[in-house]
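According to the numbering used here, the sequence shown is numbered sequentially starting from 13. The beta carbon of each residue, even a glycine, is placed where N, CA and C say it ideally should be. Every value quoted in this text rests on a predicted model; they were computed, and no experiment measured them.
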Amino acid sequence: MAIIGVDEAGKGPVIGSMFVVAARVQSEGDLPDDVVDSKKLTARRREEIADKLVEVESFSMSAQEVTIEEIDRPDSNMNILTAEAHARAISEIAENGDYIYVDAADVNPERFARRVLDGLNVEVQIISEHRADQKYPIVSAASILAKVARDSHVSDLARTYEDIGSGYPSDSRTIDFLERYILENGTLPNCARKSWKTSKDIMGRNAQKSIEEWG
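Okay, here's the thing in structure tokens:
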């Protein structure tokens, strides 16, 4: 019996994929002492802790990418996509009897747990709570690893598109990038989630500008 923590990074951005990571160790004592919620760490510190985690003898992990194509499907639901990715990640590393701690990506933690359980091929116990990444070090570890995966993905996109910011709607650099790209190309970049309200709003503003310019 071991413990597994699962968390996501990139559920809310308008740019790029979402990543879900499951991290498994034999006991909480196997984790490095400096494992804390990823949001409290710099990108460099997250990478340093990720390097420590992979050196732990009992450690194993699974990372799952949820692509823009999946997110933009007409019948897509982010809570369901997140639960399904949790189930895939857990199934790759879990054994019967493991205890699974998940940061509930749903207003209803019990419903999220049921959705994850429905996709599993092992018999486990699931503890589904909000802010689990702040309560359980094993979920903090998964949070760090998911954020490192997401950061690497954003860096790859930036090499193609230059300055895209963090990808979040609250980031002015991200909004500036999208507006500039649409102005120059007449459409959203392939790295953008076209189904997102932010994308639709920016496209709408650009269309209105074009009408006014031609009017």
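Of the candidates Ala34, Ile214, Met13 and Ser50, the residue whose Cα lies closest to the Cα of Asn108 is Met13. Residue environment: Glu96 is assigned as buried (16 or more neighbouring CB atoms within 10 Å of its CB, all protein chains considered). Taking C-alpha positions only, Val78 is separated from Val119 by approximately 20 angstroms. Apart from the 5 residues on each side of it in sequence, Glu59 sits with its Cβ closer than 7 angstroms to the Cβ of Val160 in its chain, given in chain order. Here the segment 121-130 does not lie against the segment 156-172, with fewer than 3 beta-carbon pairs under 8 angstroms apart.
In this model, Glu67 and Leu43 are separated by some 10 angstroms (Cα to Cα). It is roughly 21 angstroms from the alpha-carbon of Arg85 to the alpha-carbon of Leu190. By the criterion of a C-beta distance shorter than 8 angstroms, Glu135 is surrounded in its chain by Asn108 and Gly109, once the five residues flanking it on both sides are discounted. Per DSSP, reduced to three states, the secondary structure at Arg36 is strand.
Taking a 10 Å sphere around the C-beta of Leu195, we find fewer than 16 other C-beta atoms and assign the residue as exposed. Straight-line measurement puts the Cα of Arg100 at about 7 angstroms from the Cα of Gly131.
Cβ neighbours of Arg162 within its own chain (closer than 6 angstroms, five residues either side excluded): Ala21, Gly22 and Phe31. Sixteen is the threshold: since fewer than 16 other Cβ atoms of the shown chains lie within 10 Å of the Cβ of Gly41, the residue is exposed. Ranked by how close their Cα comes to the Cα of Ile150, the residues Asn89, Ile27 and Ser50 have Ser50 in first place. Counting only runs of 4 or more residues that sit fully inside the segment 15-82, the alpha helix (DSSP H) segments are 55-66, in chain order. Measuring C-alpha to C-alpha distances from Glu82 to each of Met215, Gly216, Arg205 and Lys212 identifies Arg205 as the nearest.
In its chain, beyond the 5 residues on either side, Val26, Ile27, Ile176, Gly177, Ser178, Gly179 and Tyr180 have a beta carbon closer than 7 angstroms to the beta carbon of Thr186.
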